[in-house]
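Numbering (numbering that gives the first Met the number 0), first residue to last: 0 to 226. Written out below as structure tokens is the structure these notes cover.
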Amino acid sequence: MNNFRILLFFIACVFLSVSVKSQSNFYGTITYESFDTEIGTNNRIKNSSKEIIYINDKFVRIETYFYRDKGGSITIINLEDQSMIYLKKLGKYGVKLSKEELDSLKKVSKYREQKEIIYSNKTKKNSGYNCKQANFHIPNDTSALDLFYTTKMIVPKCLNESFGFSEIDGILLQYSFYFPGVRGFSEERIVTHVAKKIKKGKPDKNLFNIPEDYQIVESYKEFKKLN
């Protein structure tokens, strides 16, 4: 996923935050590991990335690690004013976006717009929780992917929206995405994220501060110049 798509991916999480604060009854840390599977093969790349999500009553921090290039990103969402900070680890720079600028950047892809979710009675154990199963697919597309979630705990609505699953009310413990690939660069693949650890308890409040050694700009236009 390129940096622009990653940024747009998290921009979406700001828009469904109606009464977000009242929905945030889980405070803690969720750690996901991911692996890629190339379409049409059994080639699986384990631990292609890791994602750690920190949640308290005012902020969400989403930290992504890419094992291949040791890069990644940090996204800090303010649940009160719906602003967002997006930081790139390689280069140590980022952008602070207000709700108004996020509104202007809002883009809804057909992938989300046309998605259909079918709920199932099947369950699966994950991270110590009995998970419900759902299946989603895109109309006129042969691919269909499963996701697993628990409704025992509720996270801010914007978090599941950032994953593309605003319909899910609970914590996603396994979910997947399809990526078409780029000719000459990467093969089309399925990327699956699995929750490996869930820790309750408010994270260190300093995690939601902007690191002092990062260069921060105040508009997406300026941010693009740094890429």
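Quick reminder that beta carbons are idealized off the backbone N, C-alpha and C, glycines included. Computed from a prediction, not measured in an experiment: that's the story for all the values here.
Residues near residue i by beta carbon distance below 6 Å, same chain, minus five either side
| i | result |
| --- | --- |
| V216 | V94, F222 |
| K198 | G27, T28 |
| I61 | I52, T74 |
Delimiting residues of the beta strand (DSSP E) encompassing residue i
| i | result |
| --- | --- |
| S82 | Counting along the chain, S82 falls outside any beta strand (DSSP E), and DSSP gives it neither H nor E. |
| Y219 | No beta strand (DSSP E) contains Y219, which is instead part of the alpha helix (DSSP H) from 219 to 225. |
| K131 | 128 to 136 |
| S33 | 27 to 37 |
| S72 | 71 to 77 |
| T63 | 58 to 65 |
| N125 | 115 to 125 |
| I167 | Where I167 is concerned, there is no enclosing beta strand (DSSP E), given that its DSSP letter is neither H nor E. |
Contacting residues, own chain, Cβ-Cβ under 7 Å from residue i (five flanking each side not counted)
| i | result |
| --- | --- |
| E100 | S218, Y219 |
| F25 | I54, M152, I153, V154, I170 |
| K98 | V13, D80, Q81, S82 |
| Y128 | T149, K151, L172 |
Local Cβ density within 10 Å of residue i, reported as buried at 16 or more and exposed below that
| i | result |
| --- | --- |
| N74 | It should be noted that the sequence gives Thr, not Asn, for residue 74. With 16 or more other Cβ atoms within 10 Å, it is buried. |
| T149 | buried |
| Q81 | buried |
| S161 | buried |
| N226 | exposed |
| T63 | buried |
| L86 | buried |
| L89 | exposed |
| S72 | buried |
| S108 | Confidence at S108 is low in this model, with a pLDDT of 43, below 50, so the placement of that residue should be treated as unreliable; the coordinate-derived value is given next. Exposed, by the Cβ-count rule. |
| I209 | exposed |
Cut-off 8 Å between Cβ atoms - residues of its own chain near residue i, not counting five sequence neighbours on either side
| i | result |
| --- | --- |
| Y124 | Contrary to the premise, residue 124 reads as Lys rather than Tyr in this sequence. Cβ neighbours of K124 beyond the five flanking positions: C130. |
| S47 | S33, F34, D35, F65, Y66, R67, V190 |
| S103 | none |
| K201 | Y26, G27, N55, D56 |
| S175 | L144, D145, L146, I189, V190, T191, H192 |
| D212 | K91 |
| K49 | T30, Y31, E32, S33, T63, Y64, Y66 |
| A194 | I29, T30, Y31, N125, S126, I170, L171, L172, Q173 |
Where the alpha helix (DSSP H) through residue i begins and ends
| i | result |
| --- | --- |
| E160 | 156 to 161 |
| K98 | 98 to 104 |
> Which runs of the beta strand (DSSP E) spanning at least 3 residues fall entirely within the segment 193 to 217, listed in chain order?
Replying inline: Within the segment 193 to 217, the runs of beta strand (DSSP E) that reach at least 3 residues and sit entirely inside it are, in chain order, 214 to 216.
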